[in-house]
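J.: First the structure, which I've put down as structure tokens, then a few questions once you've had a look.
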């Protein structure tokens, strides 16, 4: 499971394929992340957690 910002998603997917892990799942947060207010960071983190949970529990076909 990879957590990344949308800015680096394509690069991350390319790296995963290159390293032999093309099916590695991603949780994607908005970019930029560092300058956001705390309440917005918490909302983004909650959404990212939903993606992490789904990525770790759903079977691939």
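Numbering (my numbering), first residue to last: 126 to 186. Glycine is no exception: its CB is placed at the ideal position from the N, C-alpha and C atoms. None of these values were measured; they are calculated from a predicted model.
Just checking, does the stretch 154-164 make contact with the stretch 135-143 on the three C-beta pairs under 8 Å criterion?
T.: No, the stretch 154-164 does not touch the stretch 135-143.
J.: Assuming contact is defined by CB atoms lying nearer than 8 Å, are residue 169 and residue 157 in contact in what I supplied?
T.: Here residue 169 refers to the residue found at position 44 when the chain shown is read from its first residue. Here residue 157 refers to the residue found at position 32 when the chain shown is read from its first residue. No, Cβ-Cβ distance for residue 169 and residue 157 is not below 8 Å.
J.: Just to confirm my understanding: we take residue 177, look at its own chain, exclude 5 residues before and 5 after, and list those with CB closer than 8 Å. What are they?
T.: Sequence index remark: in the chain shown, residue 177 carries index 52 (1-based). Excluding sequence neighbours, residue 177 sits near 126, 128, 152.
J.: Roughly how many whole angstroms lie between the Cα atoms of residue 149 and residue 133?
T.: The count along the chain shown starts at 1 and reaches residue 149 at position 24. The count along the chain shown starts at 1 and reaches residue 133 at position 8. Their Cα atoms are separated by approximately 15 Å.
J.: Would you report the Cα separation of residue 175 and residue 181, rounded to the nearest angstrom?
T.: Residue numbering aside, residue 175 sits at position 50 when the chain shown is read from its first letter. Residue numbering aside, residue 181 sits at position 56 when the chain shown is read from its first letter. The straight-line gap from Cα to Cα measures roughly 10 Å.
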